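For the sequence shown, this note's numbering gives the first residue as 42, with consecutive numbering after it.
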Amino acid sequence: WMDGRLVPWKEAKVHVLTHALHYGTAVFEGIRCYKTERGPAVFRLVDHMKRFFDSAKICAIKIPYSLEELVEAVKETIRANKLEECYIRPLAYVGYGEMGLYSLGNPVGVAIAVWPWGAYLGEEGLVKGIRCMVSSWRKLHSQFVPPQAKASANYLNAVLAKLEALSMGYEEAILLNLDGYVSEGSGENIFVVKAGVIYTPP
């Protein structure tokens, strides 16, 4: 689904001078759809789309669709691809227009892609566990960029941490914040169970 209509996968393209490609001016979500006895079920779709709009607002990206329209677009895209379970990637990005840091005059594109994607760290990891290392990269601080926005620019930090972990023979990286406390994994939250209580960093 791209800018209001379904398009063939190979035609879902953007211009090489798309602002987001040069400056990271894009926001996205990562949502899962699960196979159930009643058909495909998207996990907390409305909540994810609310966060999508919140991220866009933080990054001064005006999404040219309503939340309700994009919720329906997600469902439409899953149906069109005849998927029982899948990963869902809504993306809003500042498009081709003026180059430079001022982005408010450029058009905003919106795309929704869906595809089959198994367990994030592999099916074997669910059974045998995974090996993690504490990354030398630290989680972005809120005084540098807004980490509460799921912005594409913020994810270079995670990409570098993940690549470092893989190069060292581990499956995943754990990022600490600037104060040295556990923050998150490169692509997931971290939870610890202690004495029957689930804890996660704030």
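Think of the CB as a built atom: it goes at the ideal place given N, C-alpha and C, for glycine as much as any other residue.
Keep in mind it's a predicted model, so treat the numbers as computed, not measured.
The shortest C-alpha to C-alpha distance from Y128 to any of Y143, K203, P157, A199 is the one to P157. For R120, the enclosing alpha helix (DSSP H) has its first and last residue at 108-121. Relative to the Cα of L167, the nearest Cα in the group S224, N198, E212 belongs to E212. The residues L108, L111, V112, in chain order, have a CB closer than 6 Å to that of M90 in the same chain once the five nearest residues on each side in sequence are set aside.
Using a Cβ distance threshold of 8 Å, A61 and V135 count as a contacting pair.
Judged by DSSP in its simplified three-state form, S96 adopts helix. In this structure, the beta-carbon distance from T118 to L47 falls below 8 Å. Cα atoms of I72 and F84: separation of roughly 7 Å, rounded to the nearest angstrom. Pairwise C-beta distances place the stretch 193-200 out of contact with the stretch 230-243, as fewer than three of them are shorter than 8 Å. Nearest Cα to G146 within the set P49, P242, P243, T66: T66. Taking 8 Å as the cut-off, the Cβ atoms of S183 and E205 do not count as close.
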